[in-house]
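Protein chains: 2
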Amino acid sequence: MIEREELIEIVTREVLAVLAGEHQDLEHAGRAVESGAARLGYSGRGEDVPEALGQYIDHTMLKPTATPAEIDTLCDEALKYHFAAVCINPAWVSRAARRLRGTPVRVASVVGFPLGANTPQIKAMETRQALRDGAREIDMVINIGALKGGELDLVQKDIAGVSDACREVGALNKVIIEAAYLTDEEKVIACRLAKEAKAHFVKTSTGFGPGGATVFDVALMREVVGEKMGVKAAGGIHSAEEVRQMITAGASRIGASAGVRIVSGTEGEADAAY
Amino acid sequence: MIEREELIEIVTREVLAVLAGEHQDLEHAGRAVESGAARLGYSGRGEDVPEALGQYIDHTMLKPTATPAEIDTLCDEALKYHFAAVCINPAWVSRAARRLRGTPVRVASVVGFPLGANTPQIKAMETRQALRDGAREIDMVINIGALKGGELDLVQKDIAGVSDACREVGALNKVIIEAAYLTDEEKVIACRLAKEAKAHFVKTSTGFGPGGATVFDVALMREVVGEKMGVKAAGGIHSAEEVRQMITAGASRIGASAGVRIVSGTEGEADAAY
């Protein structure tokens, strides 16, 4: 287990150093973390944002009222617009996997969603069932209260149980830190714990919390996890311009229910969701 | 499996008949269902609301940011004010059960919460673990999208898996229908399915949906399930007067994060929560 104090020290040093490399000025970089890297024009990785944004998008429908017919439409739209994945609740994974079999569109399921306050055992079991049902990506929520209470060992074990289940079958674990509930320090700790627990991605938000993705959070998360992990921006992303901003700040995947509108300028049926 | 059409017929007849018995006028009763039984002064069961309201209250903290220390405070308040139970997320059940061992306060855990779109297998497993961890009541959420899509068999099996696990150890299954998402017809169907699936309670709301308990919903749910099941009103209940209204309409249990204020007129620490 990493001690909280040690973590904060490592991360402050690391984040400031990387931002300093960009800005040639440590004091300036320190203020960037304080005030939002975006305002300084900080570019995490995405200097070349491709024209085709569809490959970045997890086409998402997580509203509790989603019917089987709406899930079918979501799958068909994902195929039509070449989205990376559909992101859905676990009850619909086997249905979506059947519909998307033999296509490049992956099925992503959520786990411990959206509150994250389930036991580690159930998160791992929910993951294994989703993978058996055909999911190839898991978007799990951390135990937010444990993080806030300083029980970092519990937070890390909780993530590791899902990572291990994913790695056994070559699936991806995306760790939702629900940034809107966290201080900047807690965001950094959560990303470090996800990295230690061998997750593949960190993700900003569930879309059910008090706020969604911000450019600052994406830049901060990218700095903490480095270039080998993914960063998924999700929550409140409604336009191609916002997608490009998130990619420029360091996002490698975008979660959105407005994917059809984003890539085509028209309204998709899945649009009303989140 | 009960057919949808058959259900609607049974229930319309039943609800109208019971209301007619109260009002001596079938047309009048029909309008009561339409316009809200409360406005007609309909009293489901609670003509005698006791002075001590604490025994009705599930002292509730389900916010994702709840820390272990806040859960401890919730337990201590429940004991002090003689509440029926604490209602908490599954990650904290074993902790609360240890703290409340040997007291009359029961531990209630939520399952498939708050979206309800988990698989029946995981809902049953999450129930079994909560019961092993010390829960004696389970507040589960139905598969709302399956109900709306007419997959009533799935809705019923989903509930039955949790009811069965509860009945094995003498625990209670409270079925959250998340009424704010449902038409009146869907509310009636959900309550019928909960009764068929041998649940112990129906419950109005998670507190995370677009609306909480209403007097009309409580009266309607009480009519559908009859006198042998419980009805729990939850979501947005902040005062002793509101508790009395819910009990008068037919509620036998109240879910609230404002329990301390309700019974004492003062602010409890759990108050800010849901």
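Going down the list, the sequences are from chains A and B.
Residue 1 is where the first sequence starts when you use my numbering, and the numbers rise one by one after that.
Residue 1001 is where the second sequence starts when you use my numbering, and the numbers rise one by one after that.
Ideal Cβ positions, reconstructed from N, Cα and C, are used throughout, including at glycine.
Quick caveat: nothing in here was measured; it's all calculated off a predicted structure.
Got a sec, what are the start and stop residues for the beta strand (DSSP E) residue i sits in?
i	result
Ala234 (chain A)	Gly230 to Ala234
Lys1203 (chain B)	Phe1201 to Lys1203
Val1086 (chain B)	Ala1085 to Ile1088
Arg1095 (chain B)	Arg1095 (chain B) -> not in any beta strand (DSSP E); alpha helix (DSSP H) instead, spanning Val1093 to Leu1100.
Ser109 (chain A)	Arg106 to Val111
What separation, rounded to the nearest whole angstrom, lies between the Cα atoms of residue i and residue j?
i	j	result
Gly1170 (chain B)	Gly1161 (chain B)	14 angstroms
Gly259 (chain A)	Glu241 (chain A)	12 angstroms
Lys174 (chain A)	Gly230 (chain A)	8 angstroms
Ser252 (chain A)	Ala1066 (chain B)	31 angstroms
Ala1029 (chain B)	Ile1237 (chain B)	Reliability of the predicted coordinates at Ala1029 (chain B) is poor, the pLDDT of 45 falling under 50, and the value obtained from them is presented with this limitation in mind. Between Ala1029 (chain B) and Ile1237 (chain B), the C-alpha separation is close to 27 angstroms.
Lys1282 (chain B)	Glu1186 (chain B)	One cannot answer for residue 1282 (chain B) here, as it falls past the ends of chain B, which runs 1001 to 1274.
Gly54 (chain A)	Thr1073 (chain B)	48 angstroms
His105 (chain A)	Leu1182 (chain B)	Before going on, a small fix: residue 105 (chain A) reads as Val here, not His. Spanning the two alpha carbons is a distance of roughly 32 angstroms.
Leu1193 (chain B)	Glu1137 (chain B)	19 angstroms
Thr1127 (chain B)	Cys1166 (chain B)	8 angstroms
Ala1256 (chain B)	Ile122 (chain A)	26 angstroms
Ile57 (chain A)	Ile254 (chain A)	5 angstroms
Val49 (chain A)	Gln245 (chain A)	9 angstroms
Met1221 (chain B)	Val1188 (chain B)	7 angstroms
Asp133 (chain A)	Leu79 (chain A)	19 angstroms
Gly226 (chain A)	Asp1164 (chain B)	48 angstroms
Gly150 (chain A)	Ile142 (chain A)	13 angstroms
Phe1208 (chain B)	Glu178 (chain A)	16 angstroms
Lys195 (chain A)	Leu1062 (chain B)	28 angstroms
Asp153 (chain A)	Gln129 (chain A)	25 angstroms
Val1263 (chain B)	Pro210 (chain A)	30 angstroms
Glu1168 (chain B)	Gly145 (chain A)	31 angstroms
Ala219 (chain A)	Ile159 (chain A)	22 angstroms
Ala234 (chain A)	Lys228 (chain A)	20 angstroms
Return no unless some Cβ of chain E is closer than 8 angstroms to the Cβ of residue i.
i	result
Ile1159 (chain B)	Of the protein chains in the structure, A and B, none is chain E.
How would you write the range of the alpha helix (DSSP H) that residue i sits in, first residue to last?
i	result
Lys1080 (chain B)	Pro1068 to Lys1080
Lys123 (chain A)	Pro120 to Asp133
Ala160 (chain A)	Leu152 to Glu168
Glu1223 (chain B)	Val1215 to Val1225
Glu196 (chain A)	Asp184 to Glu196
Asp243 (chain A)	As written in the sequence, residue 243 (chain A) is Val, which differs from the Asp given in the question. Its alpha helix (DSSP H) spans residues Ala240 to Ala249.
DSSP has residue i in a bridge; who is on the other side?
i	result
His1059 (chain B)	B:Val1086 and B:Ala1256
Met140 (chain A)	A:Val111 and A:Val175
Checklist entry - Just by C-beta distance, which residues in the region 1113 to 1133 of chain B are closer than 9 angstroms to chain A? => result Listed in chain order, the positions of the region 1113 to 1133 of chain B with a beta carbon within less than 9 angstroms of a beta carbon of chain A are Phe1113, Pro1114, Leu1115, Gly1116, Ala1117, Asn1118, Thr1119, Pro1120, Gln1121, Ile1122, Met1125, Glu1126, Gln1129, Ala1130 and Asp1133.
Checklist entry - On the three-pair Cβ rule with 8 angstroms, is the region 1109 to 1117 of chain B touching the region 111 to 128 of chain A? => result Below 8 angstroms, enough C-beta pairs join the region 1109 to 1117 of chain B and the region 111 to 128 of chain A to call them touching: three or more.
Next on the checklist: Measuring CB atoms only, is the region 73 to 89 of chain A touching the region 1088 to 1097 of chain B, in the sense that at least three cross pairs come out at less than 8 angstroms?
Outcome noted: Verdict: no, contact absent.
Next on the checklist: Any C-beta of chain A within less than 9 angstroms: which residues of the region 1068 to 1080 of chain B qualify?
Outcome noted: Listed in sequence order: Pro1068, Ala1069, Glu1070 and Ile1071.
Checklist entry - If contact means a Cβ-Cβ distance below 8 angstroms, which residues of the region 190 to 222 of chain A contact chain B? => result Listed by position along the chain: Phe208 and Gly209.
Item to check | Within 9 angstroms of chain B by C-beta, residues of the region 48 to 68 of chain A in sequence order | outcome: Cβ contacts with chain B: Leu62, Lys63, Pro64, Thr65, Ala66, Thr67 and Pro68.
Next on the checklist: For the region 1083 to 1101 of chain B, list every residue whose C-beta sits within 9 angstroms of some C-beta in chain A, in sequence order.
Outcome noted: Correct list: Ile1088, Asn1089, Pro1090, Ala1091, Trp1092, Val1093 and Ser1094.
Next on the checklist: Tell me which residues of the region 155 to 181 of chain A have at least one Cβ-Cβ distance to chain B shorter than 9 angstroms, keeping chain order.
Outcome noted: Against chain B - using a Cβ distance shorter than 9 angstroms - the residues of the region 155 to 181 of chain A are Asp158, Glu178 and Tyr181.
Checklist entry - Name the residues in the region 238 to 265 of chain A whose C-beta lies less than 9 angstroms from a C-beta of chain B; which are they? => result Within the region 238 to 265 of chain A, no residue places its CB atom closer than 9 angstroms to a CB of chain B.
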